[in-house]
Amino acid sequence: MKNIIKDMFTNKIRLIGYAGTIIIFAVIFYLYNLPLQAVLYPVVFSMAYLAILVVIRISVKTGKHKRLSHIAKLPAVSVTDKLPSPESTLEQDYQNIIDHVIGELSEALTSHEKKMRDTTDYYSTWVHQIKTPIASMRLHLQTMDSDSSRNLLRNLASIEAYVDMVMSYLRLQSEHTDYIIQKENIRDIVTTTVRKFKLDFIEKKLSLKMEVEDAYVLTDRKWVLIVIEQILSNCLKYTKEGYVRIAFKEDDSLLVIEDTGIGIDATNLPRIFERGYTGFNGRGEAHSSGIGLYLVKSICDNLKIDIRCESQENVGTKMYLTFPKNKVFYE
């Protein structure tokens, strides 16, 4: 209300108009030598009448301000139907501009959603088609027992992981991504993910320390598998020797994934979850695509999983994932 009153009395044109009217009356009365009372009485009555009009105007504007403040919180596409009736040609012009802008915005959103659907449909088809030869190649390589076949199998698994990452990224960008939040066995989830990297652990001669008992967390199984898979992939990529440790603390709903790899230097650590940020590993070689950890962070945010990273160069990295303990967090 203070701003409304201030707006009314800081309008220079109004003030000049009010003052000018009083001065004109005073001058005319003075020129005709009318008594002072004849000037004062009309001025007093005019001011009283004006004060009543001001109070009414403030009341109307206050109500309008409250209504507009409420409308400002609504989705843009529903604003036009909620706007109050214009009180002047100027207000009508403003509403016409708003209608035009929102109309263009709605068309742009519709076009964007269609493009996203088309893109997702295209890549869904592409993924389905490319997985057929991948499966065929895997079956063929599994019949062979040699170092080269095992190496090809690992590379094939990497290709499949990148294909899955593409689909996960596209689905994550969609507004229609559904999450099925329910109690899931964390040991089963971790074990399923670790199996995918069995050959990598053997080839790199890394030990796996599993400290995960049967316990349950509230999450979406499909999406949290992607998170753990991406983190383990990074562990294996940047760990030359030592071990990977996976532990779960049931009391805190905390999953810890630790490696003895090359670590992340302090300058890169704050930005590792940014999209497109590749950074450099501890030995100065660019390795990251800039998508993997961004995908991890985005999924964790959507699943209400608190994720943080601790790392020391040439010592190792720890990822901490804290799961919500009840469904209230998802509402």
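Using my numbering, the first residue of the sequence shown is number 84, and each one after it goes up by one. The beta carbon of each residue, even a glycine, is placed where N, CA and C say it ideally should be. Keep in mind it's a predicted model, so treat the numbers as computed, not measured.
Asked: Whole beta strand (DSSP E) elements within the stretch 231 to 306, 3-residue minimum; Found: 265 to 268, 290 to 294, 299 to 302
Asked: Reference Val327; option with closest CA among Met227, Ser189, Thr400, Tyr360; Found: Thr400
Asked: Limits of the beta strand (DSSP E) - the one that Met220 falls within; Found: It is not in any beta strand (DSSP E) - Met220 instead sits in the alpha helix (DSSP H) that spans 172 to 225.
Asked: Selection from Arg270, Leu123, Gln395 that minimises the alpha carbon distance to Lys332; Found: Arg270
Asked: Bridge partners - Val421, DSSP secondary structure assignment; Found: Examination of residue 421 is not possible in this model, given that the chain is present from 84 through 414 alone.
Asked: Residue(s) in a DSSP beta bridge with Glu393; Found: Lys401
Asked: Start-to-end residues for the alpha helix (DSSP H) that takes in Gly375; Found: 375 to 385
Asked: Per-residue DSSP class, three states only, for Asn116; Found: coil
Asked: Ser251 burial status per 10 Å Cβ neighbour count (16 or more: buried); Found: buried
Asked: Anticipated Cβ contact below 8 Å, Arg233 with Glu294, distance rounded; Found: Not really, about 28 Å apart at Cβ, beyond 8 Å.
Asked: Span separating the alpha-carbon of Val398 from that of Val339; Found: 16 Å
Asked: Own chain residues within Cβ distance below 8 Å of Leu239, not counting five before or after; Found: Ile217, Met220, Arg221, Leu224
Asked: Whole-Å CB distance - Ser336 paired with Val300, under 8 Å assumed; Found: 6 Å
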